[in-house]
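S.K.: Numbering (the working numbering), first residue to last: 182 to 377.
For every residue, glycine included, the Cβ atom is placed at its ideal position computed from N, Cα and C.
This is the structure I have questions about; it appears just below.
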Amino acid sequence: MPAWVQRGGTRLPVAPGMALEAGDILRTGPNARLLVQLAEGSLVKLGADAELRLQALKPASTGGLFEGLLDVVKGAFRFTTTLLSRNHRRKLDVRIANVTAGIRGTDVWGKAASDKDIVCLIEGEVSVTRGSEPTITMSDPLSFYVAPHGQAPLPVRPVDPEQLQRWALETDIAEDGPALVENGAWRVYVESLSSS
């Protein structure tokens, strides 16, 4: 379940409670998942073999607007507001390879796959743009957009509940699976066996 942060020229292992900065690049390894809480309380989940660049993060001033640009270079992600973050104002754009989603909603799943980009609106509202094509606003819950690479986007359509469940498994951390959490039940101790 490895995950790393690339900060400047340094690669660091992700640690629970670690403060992230604009410019950081998050990467997950095979079978890994990562859960990130943004400053205004929203959650971002990353699936296996994903890369997320935190291009811009501007915390809200008192009563102000949280602004951010997240760049999903590859892999699956999910953005969800929590009960605590729903009352916060935000302007968050997520670039999923060739597609930009302006998130104003509360629950969005997406993926930058090798052959297509996907945005699935679970709840709320999202505006989707690819290149110079017209912006599409999605406000119907449980609808999705697919943009095959090198082809015109497909029409927005309802997502099959079974497909949504399969997509969710790509970003969800298994309840009974291993997870690294702050103040968890396990500790890792490192010891050197060298004689020097």
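Could you please give the first and the last residue of the uninterrupted alpha helix (DSSP H) stretch that includes GLU343?
M.R.: Note, GLU343: alpha helix (DSSP H), 342 to 352.
S.K.: For VAL340, which of TYR326, PRO315, MET199, ALA237 has the nearest alpha-carbon?
M.R.: Closest option to VAL340, Cα to Cα, is TYR326.
S.K.: Could you spell out the range, first to last residue, of the beta strand (DSSP E) harbouring SER308?
M.R.: SER308 -> beta strand (DSSP E) spans 307 to 311.
S.K.: Quick check on SER223: buried or exposed, where buried means 16 or more other Cβ atoms within 10 Å of its Cβ?
M.R.: SER223 should be labelled buried.
S.K.: How about LEU201 and LEU215: do their beta carbons lie closer than 8 Å?
M.R.: The answer is no: Cβ separation not under 8 Å.
S.K.: Taking only the alpha-carbon atoms, compute the straight-line gap between SER266 and PHE260 and give it to the nearest angstrom.
M.R.: For SER266, the predicted model reports a pLDDT of 49, less than 50, meaning its position is unreliable and no value from the coordinates is stated.
S.K.: Rounded to a whole number of angstroms, what is the C-alpha to C-alpha distance between PRO197 and PRO183?
M.R.: Computed Cα separation, rounded: 13 Å.
S.K.: Below 8 Å between beta carbons: does that hold for GLY331 and VAL307?
M.R.: No, the pair does not count as a contact, with Cβ atoms beyond the cut-off.
S.K.: Assuming PRO329 and ASP296 make a contact with CB atoms under 8 Å, what is their CB distance in whole Å?
M.R.: Contact flag correct, Cβ pair sits at about 6 Å.
S.K.: From LEU233 to SER324, what distance separates their C-alpha atoms?
M.R.: Approximately 23 Å between the Cα atoms of the pair.
S.K.: Mapping the DSSP letters down to three states, classify VAL380 as helix, strand or coil.
M.R.: Nothing can be reported for residue 380, as the shown portion of the chain is limited to 182 through 377.
S.K.: Measure the C-alpha to C-alpha separation of ILE299 and THR191 and round it to an integer number of angstroms.
M.R.: Going by the C-alpha atoms only, they are around 31 Å apart.
S.K.: Cutting at 8 Å between CB atoms, please list the residues of its own chain near ALA349, excluding the five before and the five after it.
M.R.: Excluding residues within five positions, the ones whose Cβ falls inside 8 Å are ARG259, TRP290.
S.K.: Quick check on this structure: which residue in ALA278, LEU193, LEU250, ARG311 has the alpha carbon closest to the alpha carbon of ARG285?
M.R.: Nearest option by C-alpha distance: LEU250.
S.K.: With distances taken between CB atoms, is the gap from VAL378 to VAL275 smaller than 8 Å?
M.R.: With the chain running from 182 to 377 in the structure shown, residue 378 is simply not present.
S.K.: Do you know how far the Cα of GLU304 is from the Cα of GLY256?
M.R.: Taking the straight line joining both Cα atoms gives about 21 Å.
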